[in-house]
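Colleague:
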Amino acid sequence: MLSVAVEHSLGDFRLDAAFESGGGVSALFGRSGAGKTSLVNAIAGLIRPERGRIVLDGEVLTDTTSGAFVPARCRKIGYVFQEGRLFPHLTVRQNLLYGRWFASRRGEAGEVAHVTELLGIGALLGRRPANLSGGEKQRVAIGRALLAQPRLLVMDEPLASLDEERKGEILPYIEGLRDEFAIPIVYVSHAIAEVTRLATMMVVMSEGRVAAAGPTAEIMSRIDLLPLTGRAEAGAILNTLIAGHDTAFGLTRLRAAAGELRVPSLDLPVGAALRVRIRARDVMIALEPPQGLSALNVLPGTVAEIGASDAASVEMRLDCAGEPLLARLTRRSVENLGLVPGRQVYAVIKSIAFDHQAFAGAVPALPGADAETRHA
Amino acid sequence: MSWLVAFSPEELTAIRLSLRVAFWAMLGSLPVGIVIALMLSRGRFWGKALLNVLVYLPLVLPPVVTGYVLLLLFGRRGLIGEFLADQLGIVFAFRWTGAALACAVMGFPLLVRSIRLSIDAVDRRLEDAAGTLGANALWIFATITLPLIVPGILAGMILSFARALGEFGATITFVSNIPGETQTLPTAVYALIQTPGGDLAALRLTLVSIVISMVALFASEALIERATRRTLGF
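Residue numbers (numbering that gives the first Met the number 0), protein chains in the order written: chain H, 0 to 375; chain D, 0 to 233.
1. At what residue ranges does the segment 114-161 of chain H contain a whole run of the alpha helix (DSSP H), taking only runs of 4 or more?
2. Have a look at residue 101 (chain H) and residue 54 (chain H) and give me their C-alpha separation to the nearest angstrom.
3. Name, please, each residue of chain D whose Cβ falls closer than 9 Å to the Cβ of residue 86 (chain H).
4. Is the Cβ of residue 134 (chain H) closer than 7 Å to any Cβ of chain D?
5. Please look up how many angstroms separate the CB atoms of residue 382 (chain H) and residue 79 (chain H), rounded, as I've assumed it's under 8 Å.
6. Please list the partners that residue 135 (chain D) has in chain B, where partner means a Cβ-to-Cβ separation under 7 Å.
7. Going along the chain, which residues of its own chain have a beta-carbon closer than 8 Å to the beta-carbon of residue 92 (chain D), five neighbours each way excluded?
8. Less than 7 Å between CB atoms is the rule here; does residue 295 (chain H) satisfy it with respect to chain D?
9. Which bits of chain D does residue 43 (chain H) rub up against, with CB to CB less than 7 Å?
10. Beta-carbon of residue 147 (chain H) versus every beta-carbon of chain D: anything under 7 Å?
11. Report the residues of the segment 181-204 of chain H with a CB closer than 9 Å to any CB of chain D, ordered along the chain.
12. Is the distance from the Cβ of residue 97 (chain D) to the Cβ of residue 169 (chain D) below 7 Å?
13. Quick check on residue 68 (chain H) - is its C-beta less than 7 Å from some C-beta in chain D?
14. If the cut is a Cβ gap below 8 Å, which residues of chain D does residue 102 (chain H) touch?
15. Could you tell me which residues DSSP puts in a beta bridge with residue 345 (chain H)?
16. Check the Cβ of residue 77 (chain H) against every Cβ in chain D and list those closer than 9 Å, keeping chain order.
17. What is the DSSP secondary structure of residue 246 (chain H), reduced to helix, strand or coil?
18. Listing by chain order, which chain H residues have their CB less than 8 Å from the CB of residue 230 (chain D)?
19. Please identify the residue among H:27, H:1 and H:21 whose C-alpha is closest to the C-alpha of residue 195 (chain H).
20. Please classify residue 251 (chain H): does DSSP put it in a helix, a strand, or coil?
21. I'd like to know whether the C-beta of residue 98 (chain H) is nearer than 7 Å to at least one C-beta of chain D.
22. Less than 6 Å between the CB of residue 82 (chain H) and some heavy atom of the ligand SAH, yes or no?
23. Mind pulling the chain D residues with CB within less than 9 Å of residue 143 (chain H)?
24. Under the three-state reduction of DSSP, which class applies to residue 305 (chain H): helix, strand or coil?
25. Can you tell me the Cβ-Cβ gap for residue 43 (chain H) and residue 67 (chain H), rounded? I've got them flagged as a contact below 8 Å.
26. Given this structure, state the Cα-to-Cα distance separating residue 182 (chain H) from residue 76 (chain H), to the nearest angstrom.
27. To the nearest angstrom, how far is the alpha carbon of residue 178 (chain D) from that of residue 51 (chain D)?
28. Can you tell me whether residue 286 (chain H) is buried or exposed? The criterion is at least 16 other CB atoms within 10 Å of its CB, across all chains shown.
29. Can you list the residues of chain D that residue 353 (chain H) reaches, using a CB-CB cut of under 9 Å?
30. Can you tell me the Cα-Cα spacing of residue 321 (chain H) and residue 257 (chain H), whole angstroms?
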């Protein structure tokens, strides 16, 4: 349990933010300059806020009223920095073991082996950071933070300095952390795809303040937050179960509260849970159950909310049997169809709209650790 | 060419003494140099600007003046010298230790500057990272900062050593030019040039001086390059 309330000034910038998080992955989301890094630096004890109180699992780490301030080295908060910050004069193994010298609980002997295996860095142990690629560096940085036995892991844009391919390579490892180690993670990011994939709850930050906080699915379905969460990538998150496989056509059936979805074949057992992000731009609206249409997925629902817009397009939230779904339409279509809140509609989604970005985690097949090329 | 290698005992003594003086000048000033460099690079305290000026003063003062100040402070009747001689039995005046002290003071600005620049260049975010992993300040210095500034320390040591080998003015002012006690290479060369018939010996020592300096500089380059490669892990 982490509870944070911080006020701090850096030049003209003013940070005034508070949030609470239980377990799992809490994402601090916002544009660069929103104050995310300052906030996690305060949590980790790297900055002493002007005013504020930070409590982790009942222990007061910072309290400016009483003057309490636990130094960073005593907080047991693992920090994965954006640029890795590996020690250049030490080997990968020495980097990994650095924090273990100070850990009060050494952990079992197999732990190093377990972490190196989970992160796929076993082959790198003898190398120096200068001889690692960007992705390898970040994996070592994650391992180093983990092996210091932290009770909270803070990750500040750990993927920001990597290209798309490397990001896709590391995300499964972070999911592995979330699922295998029961360690709470505060994950800073400005990439909505990462956040929706990893985060159980998210804190949306803007100009040093918290604009909204709550479960990821709830935040992502709020139309009023779209200017902050990003229109282009907007999309609601559906919780589904694998209902069955249609091997003849290479499709997998997913069951959601709203109805059944057919998506390109997934290598998951029947009954497995899967979070699916359905992007607003992939959703069409029909007034009648469509006939003679190629799209396979039709979910009935009602219009719950229509966003305000002067532009060509407008977002709306549908209520599909209690689950939210976002759709983006042209304003013209909204008017032509006479869409108003309460109106019964049918949401139409093409099956092929479900690409790898749509599935939040759970998709297996870790990319090979060796696929990465070394920087010369 | 036998005249080149046939060193007289006095000449050999001067060479040996020069190396000994330079070695101890370098080694003795190293810990102080690291501390002062750290204070100048990281410290925030009253009088920092003054300390900075004091450290660099020997670089710009005429060496004779530095030697004279040393004589006033560390001479037998000097402010500090009297105390050291009476209480601890340490005498600098007209001893080889005094020559080492003079050389240390003259080389100190070079030593401190080199180390300070390398401390300035250390990425402090690495130290923050070590802090989040549980290391305290002393441990961070020993395992992160110190290894990263090793090339700078080596460079500073070499500069200090080289400066000591060439030091003349402050040495001759402070401890004079006593063969076997304070007569180093430069003062020996100077004395030989003043002596009728000493030209050949002066030339020999000049060549020795050049050789020692060149070897020291080559060795330092190689050492620094190796250390840099080691720290950065290429």
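C-beta atoms are modelled at their ideal positions from N, C-alpha and C, and glycine is treated no differently.
These figures come from a predicted structure and were not determined experimentally.
Modeller: In brief:
1. With a minimum length of 4 residues, the continuous alpha helix (DSSP H) runs that stay inside the segment 114-161 of chain H are 133-146.
2. Numbered from its first residue, the first sequence carries residue 101 (chain H) at position 102. Numbered from its first residue, the first sequence carries residue 54 (chain H) at position 55. Between residue 101 (chain H) and residue 54 (chain H), the alpha-carbon positions lie close to 22 Å from each other.
3. Here the question's residue 86 (chain H) lines up with position 87 in the first sequence. In chain order: 125, 128, 129, 142, 143, 146 and 147.
4. Here residue 134 (chain H) refers to the residue found at position 135 when the first sequence is read from its first residue. For residue 134 (chain H), the answer is no, since every Cβ of chain D falls outside 7 Å of its Cβ.
5. In the structure as shown, chain H begins at 0 and stops at 375. Residue 382 (chain H) is therefore absent and cannot be evaluated.
6. The displayed structure is made up of protein chains H and D, and chain B is not among them.
7. For this step, residue 92 (chain D) is matched to residue 93 along the second sequence. Closer than 8 Å at the Cβ level, and outside the excluded window around residue 92 (chain D), lie 70, 73, 74, 75, 77, 80, 173 and 174.
8. The count along the first sequence starts at 1 and reaches residue 295 (chain H) at position 296. No, no contact with chain D.
9. As a first step, residue 43 (chain H) must be located in the first sequence, where it is residue number 44. Those are 131, listed as they occur along chain D.
10. Along the first sequence, read from residue 1 onward, the residue named residue 147 (chain H) stands at position 148. Using a Cβ-Cβ cut-off of 7 Å, residue 147 (chain H) counts as an interface residue toward chain D, since at least one Cβ of chain D sits closer than that to its own.
11. The residues in question: there are none.
12. As a working note, residue 97 (chain D) is residue 98 in the second sequence. As a working note, residue 169 (chain D) is residue 170 in the second sequence. Going by beta carbons, residue 97 (chain D) and residue 169 (chain D) fall outside the 7 Å limit.
13. Within the first sequence, the letter at position 69 stands for residue 68 (chain H). At a cut-off of 7 Å between C-beta atoms, residue 68 (chain H) does not count as an interface residue with respect to chain D.
14. Translated into the one-based positions of the first sequence, residue 102 (chain H) becomes position 103. Taking the beta carbon of residue 102 (chain H) as reference, the chain D residues within 8 Å of it are 133, listed in sequence order.
15. Numbered from its first residue, the first sequence carries residue 345 (chain H) at position 346. DSSP output for residue 345 (chain H) lists H:285 and H:299 as bridge partner(s).
16. Working through the first sequence from its first residue, we reach residue 77 (chain H) at position 78. The contacting residues are 131 and 132.
17. Position 247 of the first sequence, counting from 1, holds the residue named residue 246 (chain H). In the structure shown, residue 246 (chain H) sits in coil (DSSP, three-state: anything other than H, G, I, E or B).
18. Counting from 1 along the second sequence, the entry for residue 230 (chain D) is found at position 231. For residue 230 (chain D), the residues of chain H that pass the 8 Å Cβ criterion are 87 and 88, in the order they occur in the chain.
19. Position 196 of the first sequence holds residue 195 (chain H). Each of H:27, H:1 and H:21 was checked against the Cα of residue 195 (chain H), and the nearest Cα belongs to H:27.
20. The residue given as residue 251 (chain H) occupies position 252 in the first sequence. DSSP places residue 251 (chain H) in strand when its eight states are reduced to three.
21. Position 99 of the first sequence, counted from the first residue, corresponds to residue 98 (chain H). With 7 Å as the cut-off, residue 98 (chain H) counts as an interface residue toward chain D.
22. Ligands are entirely absent from the displayed structure, and the ligand SAH is therefore not among its contents.
23. One-based indexing of the first sequence puts residue 143 (chain H) at position 144. Among the residues of chain D, those whose CB is under 9 Å from the CB of residue 143 (chain H) are 128 and 132, following chain order.
24. As a position in the first sequence, residue 305 (chain H) is number 306, starting the count at 1. Strand, per DSSP.
25. Position 44 of the first sequence, counted from the first residue, corresponds to residue 43 (chain H). Position 68 of the first sequence, counted from the first residue, corresponds to residue 67 (chain H). About 16 Å; that fails the 8 Å criterion.
26. Residue numbering aside, residue 182 (chain H) sits at position 183 when the first sequence is read from its first letter. Residue numbering aside, residue 76 (chain H) sits at position 77 when the first sequence is read from its first letter. Those two C-alpha atoms are separated by around 11 Å.
27. In the second sequence, counting from the first residue as 1, residue 178 (chain D) sits at position 179. In the second sequence, counting from the first residue as 1, residue 51 (chain D) sits at position 52. Residue 178 (chain D) and residue 51 (chain D): Cα-Cα distance of roughly 36 Å.
28. What you label residue 286 (chain H) is simply residue 287 of the first sequence in a count that begins at 1. When all chains shown are included, residue 286 (chain H) counts as exposed.
29. Locating residue 353 (chain H) in the first sequence gives position 354, counting from the first residue. Within chain D, no residue comes near residue 353 (chain H); the closest Cβ sits about 39 Å away, beyond 9 Å.
30. Counted from its first residue, the first sequence places residue 321 (chain H) at position 322. Counted from its first residue, the first sequence places residue 257 (chain H) at position 258. Straight-line Cα distance between these residues: approximately 7 Å.
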